[in-house]
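Structure first, then comments.
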Amino acid sequence: MPDPRTCAACAWWKRSAPKLANALRDPSASEVVGVCHLNPPVVVQGNAAFPVTLYPETHESRFCGSWRDASDGPTGGARTVVEFKPREAA
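Here it is in structure tokens:
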């Protein structure tokens, strides 16, 4: 039985999402290719006069060690509670 932990079922992966961090989607993007949002985009110097930021593109059948079930959400469903403590006067 194939491993179900693929990009297509991962909370970090978005099908046919824009690989550019400026949210412009490539209209020629394949339906089986998407981008992983686990890590921030990387800066790449292409043929343009200025660098661009890109998210890594992956095929839907791939998986990685940071796979997270899409139904759990990117944080695994855990709620983070931060307690605020005011500073004491000096």
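Using this note's numbering, you'd call the opening residue of the sequence shown number -3 and step up by one each time.
We put the beta carbon where it would ideally sit given N, CA and C, even for glycine.
Put residue i into one of helix, strand or coil per three-state DSSP.
i, result
"C3", "helix"
Here's the rule: buried if 16 or more other CB atoms are within 10 angstroms of the residue's CB, otherwise exposed. What is residue i?
i, result
"T54", "buried"
"V38", "exposed"
Could you tell me which residues DSSP pairs with residue i in its beta bridges?
i, result
"P11", "A quick correction: the sequence has Arg, not Pro, at residue 11. R11 is bridged to G30."
How many angstroms separate the CA atom of residue i from the CA atom of residue j?
i, j, result
"G42", "T49", "10 Å"
"P52", "R83", "42 Å"
"D65", "V40", "29 Å"
"S26", "K81", "49 Å"
"E79", "E56", "39 Å"
"C88", "K10", "Absent from the structure is residue 88, since the part of the chain shown begins at -3 and ends at 86."
Spell out whether any CB of chain D is found under 7 Å from the CB atom of residue i.
i, result
"R83", "Although the question refers to chain D, the structure presented lacks it and comprises just one protein chain."
What beta strand (DSSP E) runs, 3 residues minimum, are completely inside the segment 35 to 74? 38 to 40, 48 to 50, 53 to 55
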